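Notes follow once the structure below has been shown.
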Amino acid sequence: MNFEIEPTSRTRNPYSAFTMRRVFCIGIVVAVLLHAGFYAWGFLKRTQVVTTREDAEVIHVERLLLQPPPPPPEVKKIVKKVVRAKIIPNIVQDTVPEPEPEPEPEPIVVTDAEPVVEAPPEPVAPPPPPPPPPPPPKPSKDSLMKVTRAYLMGLSKAFEKQKDYPATARRLKQEGTVRVQFTVAKDGSISGAVVAKPCPYSSLNESALAAVQAVPKFDPIPAVLGKDTWKMEIPIKYNLH
């Protein structure tokens, strides 16, 4: 068998690939150098412009500082004008006004004036009577009971002083309680004494009635009780012991 080998691009020209790489690298380097050159040229131009501007500003400032100052403005003197007032003399006329004629007085007319009658003074109303005093406060039930007991005890003591125990009743040892009824007036006078409840012994009943009749008048009835007359009944006891 016969084998034929077809030549490829690498087998045909072994140096062509190397040449292409080299040309490509050189092109890149040239492109970089060109860009670097343009950048450097632009930077130098900007620096010159800025420097020129700074120099111009410095020169401008120095010129302003070196210029002589402007001369001071002239000061005008102010002259004050004195105005004198004109004096006008007062002219007094030597003329005296004529006096006005005095008015004639009116005649006085006398008339018979009627006498003035003074009106009688108005009667003064008498002052109102003073209000009545307020009534005293009503006493309580306890205070009324105390006053009543004190009055009755005083009456009983007055009757006991006048009581006489009969001798016959003592000898016979007779004892008992006699209730005597009577009326006391507002001024304390006693009247109408009677035996209301007698005991079994007549001598004792008579003695009790005589004891009440022996006290014709006692103390007035207390006003706090509000009584004009007071009908009452009091026991009179007879005891030997």
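The sequence shown begins at 0 in numbering that gives the first Met the number 0 and counts up by one. Beta carbons: idealized from backbone N, C-alpha and C, even for Gly. The structure displayed is predicted, hence computed values, not measured ones.
In the same chain as PRO219, and ignoring 5 residues on each side of it, the C-beta atoms closer than 7 Å to its own belong to LYS185, ASP186 and GLY187, in chain order. Beta-bridge pairing by DSSP links TYR237 to GLY175. Here THR176 is not near LYS230, since their CB atoms are 7 Å or more apart.
The Cβ atoms of ALA213 and GLN161 sit closer than 7 Å to each other. In the structure shown, VAL211 adopts helical secondary structure according to DSSP, grouped into three states. Apart from the 5 residues on each side of it in sequence, ARG178 sits with its Cβ closer than 6 Å to the Cβ of ALA195, LYS196, GLU232 and PRO234 in its chain, given in chain order. The residue among PRO129, PRO135, LEU203 and PRO134 with its C-alpha nearest the C-alpha of ARG170 is LEU203.
Ranking ILE25, PRO221, ALA30 and VAL31 by CA distance to the CA of ARG148 puts PRO221 first.
DSSP lists VAL183 as the beta-bridge partner residues of ILE189.
In the DSSP assignment, LYS156 falls within the alpha helix (DSSP H) that extends over 140-161.
Taking C-alpha positions only, PRO165 is separated from GLY153 by approximately 24 Å.
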